[in-house]
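Participant: Could you have a look at this structure, given as structure tokens, before my questions?
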Amino acid sequence: QLAPGGSDTRSGGRCPPGGRDLDKDVQRSCYSSLSCQGEALSLASAMDTQGQFRLDPQGNPLWCSYLIFYRDPQSGGLIRREQPIPTPVPAGVPIESGLGVSLVSQLGRGRLLAERVEAFELAVVGQRLDYRLRFLRPAQGLQPATPFTLEGSSQFRNR
123 QLAPGGSDTR
133 SGGRCPPGGR
143 DLDKDVQRSC
153 YSSLSCQGEA
163 LSLASAMDTQ
173 GQFRLDPQGN
183 PLWCSYLIFY
193 RDPQSGGLIR
203 REQPIPTPVP
213 AGVPIESGLG
223 VSLVSQLGRG
233 RLLAERVEAF
243 ELAVVGQRLD
253 YRLRFLRPAQ
263 GLQPATPFTL
273 EGSSQFRNR
């Protein structure tokens, strides 16, 4: 089940909230903080708890948390979870270095972004993150359930 969203330029379909959130968060993050494993990724965020983008005195981002996106294989949901960094840091590093934990150990409760996600595929090309969400559209009347795919691509804007 998808909420209305903006157009996805590569598939011509509708982008679920998960795709919009992921695009926005990747653009605000930095490539050096990216960690991917299977159907999960994490990246640093400079957004504080009040929704403000934090900067140091020189105008560089202060990384306040890690954002974790993953597909829950049991529920088929695309989940977004935030893991705070105890003291904001000026260098964006992967979650494994920044918090000393594995990405998969941080999968858990979070905000449901999309349902009926069959697969969440990730590819890093240079400093660009490409992703593909495969869904199963529910059966309606005599129409059987049908698969469909939404693709997106986001470029990291910070260092």
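In case it helps, my numbering puts the sequence shown at residues 123 to 281. For every residue, glycine included, the Cβ atom is placed at its ideal position computed from N, Cα and C. A quick note: this is a predicted structure, and the numbers were derived from the prediction, not measured.
#1: When the Cα of Q205 is compared with those of A241, P266, S224, S197, which residue comes out closest?
#2: Ordered along the chain, which non-local residues of its own chain (more than five positions away) have a Cβ less than 6 angstroms from that of S133?
#3: Under a three-way DSSP split, which group does G232 fall into?
#4: Out of R176, L251, Q159, P266, state which residue places its alpha-carbon closest to the alpha-carbon of A213.
#5: For E240 and R254, I'd like the C-alpha separation in whole angstroms.
#6: Any idea if V148 is buried or exposed, counting beta-carbon neighbours within 10 angstroms, 16 or more meaning buried?
#7: Alpha carbons only, please: which of G248, E243, P269, I190 is nearest the one belonging to R279?
#8: Provide the residue span of the alpha helix (DSSP H) that contains E218, from first to last.
#9: Check this for me: beta carbons of Y192 and L229, under 9 angstroms apart or not?
Facilitator: Answer, in terms of the structure:
#1: The residue you call residue 205 lines up with position 83 of the sequence shown. The closest CA to that of Q205, considering only A241, P266, S224, S197, is found on S224.
#2: Here the question's residue 133 lines up with position 11 in the sequence shown. Residue confidence for S133 is low, a pLDDT of 38 falling below 50, so the modelled location carries little weight and cannot support an answer.
#3: Within the sequence shown, numbered from 1, the residue matching residue 232 stands at position 110. Residue state, collapsed to three classes: coil.
#4: Working through the sequence shown from its first residue, we reach residue 213 at position 91. The candidate whose alpha carbon is nearest that of A213 is R176.
#5: As a working note, residue 240 is residue 118 in the sequence shown. As a working note, residue 254 is residue 132 in the sequence shown. Going by the C-alpha atoms only, they are around 10 angstroms apart.
#6: Position 26 of the sequence shown, counting from 1, holds the residue named residue 148. Buried: at least 16 other Cβ atoms inside 10 Å.
#7: Position 157 of the sequence shown holds residue 279. Of G248, E243, P269, I190, the residue nearest in Cα terms is G248.
#8: Here the question's residue 218 lines up with position 96 in the sequence shown. Boundaries of the alpha helix (DSSP H) harbouring E218: 217 to 220, taken from the DSSP string.
#9: By 1-based counting over the sequence shown, the position of residue 192 is 70. By 1-based counting over the sequence shown, the position of residue 229 is 107. Yes, they are a contact pair.
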